[in-house]
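Counting the sequence shown from 1 gives a position; the numbering used here is that position plus 56. Note that beta-carbon positions come from the ideal geometry of N, C-alpha and C, so glycine has one too. If you're wondering where the values come from, they're calculated on a predicted model, not measured in any experiment. This report concerns only the one structure given below.
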Amino acid sequence: MHFTEEQLEQIAKWNPIDERLAASELAEEWIGPAVSRLKESGLCYCYIVETGSSGMSNYYAIAIRPGIAKDEATRKHHFKPYDGPGIYVYLSLTAPVGAIGTTSIISTLHLFAADPLELDSLIAPVKGNNEMIDAILDAFDDSIYQFLDREALSQPLPPHITPYEYCLCDEPWDRVFHVLFANTD
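Take a look at the structure:
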């Protein structure tokens, strides 16, 4: 997806460029069902890390780690602490696009931590290389979201466009990625 300069200006101001994103039911209509499909796949465990609902970010973030053990006799999931590689899915609340990247996750019953996405941690949103990526793409197949690759998200911003606030990733914040996935305090 290519963004016009006008669209980038709106995104940088945290104004949605797609009317479907302006609805307050965004999470319920598009994101929630996809997360449910991911959980049902049994391949992964999902953590909703950011929803944008507090006004502190302009994106929705889901951290994903390999699935949890399932006791077939009781069909109950058994949570196990985890410290290892994971996947982050960022979904913009200003444009119908998302990003997928690798992260490091630590989780226990009472703790969750993951490194934020950086441009160099983004991975190609293509099927066939990783079962969890396939599950993510399948889960969001019926949604409004299109996942962009590193090349598209690394496009430089026009010089007069800057993120509304800061990003959790390293500076400089001068790429399309930085206006799509920004934070504020």
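Residue i classed as buried or exposed, judged by whether at least 16 other C-beta atoms fall within 10 angstroms
i	result
Ile-16	With the chain covering only 57 through 241, there is no way to say anything about residue 16.
Ser-109	exposed
Leu-82	buried
Ile-104	exposed
Leu-147	buried
Beta-carbon spacing of residue i, residue j below 8 Å
i	j	result
Asn-239	Ser-113	yes
Thr-218	Ala-90	no
Gly-123	Tyr-144	no
Asn-179	Ile-162	Just to set this straight, residue 179 is Ile in the shown sequence, not Asn. No. Outside cutoff.
Ala-191	Leu-99	yes
Tyr-220	Pro-152	no
Met-57	Ala-195	no
Val-235	Leu-77	no
Assumed close pair residue i, residue j - CB separation to whole angstroms, cut-off 8 Å
i	j	result
Leu-213	Arg-231	6 Å
Pro-72	Thr-164	Their Cβ separation, rounded to whole angstroms, is 36 Å, which puts Pro-72 and Thr-164 out of contact at 8 Å.
Coil, strand or helix - residue i by DSSP
i	result
Ala-238	coil
Pro-214	coil
Leu-193	helix
Gly-88	helix
Leu-325	Because the chain is modelled from 57 through 241, residue 325 falls outside the range shown and cannot be assessed.
Residues bridged to residue i (per DSSP)
i	result
Val-145	Ile-118 and Ile-156
Glu-106	Ala-117
Gln-63	DSSP lists no partner for Gln-63.
Asp-139	Ile-162
Minimum Cβ-Cβ distance from residue i to chain B less than 8 Å
i	result
Asn-71	Among the chains in the structure shown there is no chain B, since it carries only a single protein chain.
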